[in-house]
Amino acid sequence: MNKWKNRDLGIKHSPADTGAGGAQDLENTLYLELKDGRVVIELFPELAPNHVARIKELCRQNFYDGIVFHRVIDGFMAQTGDPTGTGMGGSGQNLSAEFNATRHVRGTCSMARAQDPNSADSQFYIVFQPASHLDGQYTAWGQVVSGMDHVDSVKKGAGGNGEVSDPDSIVSMRVAADV
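Structural data, given as structure tokens:
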């Protein structure tokens, strides 16, 4: 069964479905450690090679460790990746858009950006439920394959903008092959 076709159809698959012979591809898997436990994210190097390479580079620099979820909208998404915690910061290296056919279903990981499609940097979000209005507008680079319940428990923001007071943070984010 073609896992990329499944993704385009919005069908969630398991970590065992991520590699040849049922073995997980650890070089293209992230371990996102949150206060309540581990979230496993499968990366999409075939669909967003530059974004995946940059996310892995930042993980290997421990960039995401301690960064807060500064914007969390209940029923929509949790956003993180800004070292200033304001939604205005980043790593200082913009990425050109790699929009793809991945549908934003529960657990899809995509890069946040400003109005300029080529302004993605280090900020990303994980959607809580399908968000078809994001399809083809943001670079999807991964999918949560386990631990989505831990993402669900991230502290939500108040109001429509999702700004969080006393936000939860990432404990660590690592490439599985390095752990």
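Note that this note's numbering numbers the sequence shown so that position 44 is 170, with each residue one more than the last.
Ideal placement from N, C-alpha and C gives every residue a C-beta, glycine not left out.
Per-residue burial, residue i [other beta carbons within 10 Å of its own, 16 or more giving buried]
i, result
"V305", "exposed"
"H259", "exposed"
"A302", "buried"
"N154", "buried"
"I222", "Contrary to the premise, residue 222 reads as Ser rather than Ile in this sequence. With fewer than 16 Cβ atoms within 10 Å of its Cβ, S222 is classed as exposed."
"N244", "exposed"
"A174", "buried"
"D275", "exposed"
"M214", "exposed"
"R164", "exposed"
"A246", "buried"
"D186", "In the sequence under discussion, the amino acid at residue 186 is Arg, which differs from the Asp named in the question. Exposed is the call here."
"G216", "buried"
For residue i, the nearest candidate out of the options (CA to CA)
i, options, result
"I167", "Q255, C235, Q241 and N244", "C235"
"G306", "F195, F225 and G201", "With the chain running from 127 to 305 in the structure shown, residue 306 is simply not present."
"V277", "C185, N176, Q241 and R197", "R197"
"V231", "M203, L156 and K282", "M203"
"G268", "S217, N226 and Y190", "N226"
"G283", "D261, C185, Q150 and Q205", "Q205"
"D242", "Q263, A257 and T228", "Q263"
"L158", "E289, K281, V270 and G288", "V270"
"D200", "G285, V297, S295 and D294", "G285"
"D261", "A240, R229, V253 and P171", "R229"
"T265", "I181, K161, Q150 and L160", "I181"
Beta bridge counterpart(s) of residue i as assigned by DSSP
i, result
"I199", "M203"
"T155", "E168"
"Y251", "Q205 and S236"
"L160", "G163"
"V306", "The first residue shown for the chain is 127 and the last is 305, placing residue 306 beyond what the model contains."
Spatial distance of residue i from residue j (CA atoms)
i, j, result
"N188", "M299", "7 angstroms"
"D292", "Q255", "24 angstroms"
"L156", "G233", "13 angstroms"
"G273", "S279", "10 angstroms"
"L152", "Q219", "25 angstroms"
"H177", "Y251", "13 angstroms"
"I296", "S248", "14 angstroms"
"E289", "K281", "10 angstroms"
"D294", "P209", "13 angstroms"
"E172", "M237", "16 angstroms"
"G192", "A179", "21 angstroms"
Neighbour flag for residue i against chain D, beta carbons, 8 angstroms
i, result
"D208", "The structure shown contains no chain D, having only a single protein chain."
Please give me, in chain order, every unbroken run of the beta strand (DSSP E) with length at least 3 that falls completely inside the segment 205–246.
DSSP runs (the beta strand (DSSP E)) wholly in the segment 205–246: 234–237.
Segments of 4+ residues assigned as alpha helix (DSSP H) that fall wholly inside the segment 169–194:
Listed in chain order, they are 175–186.
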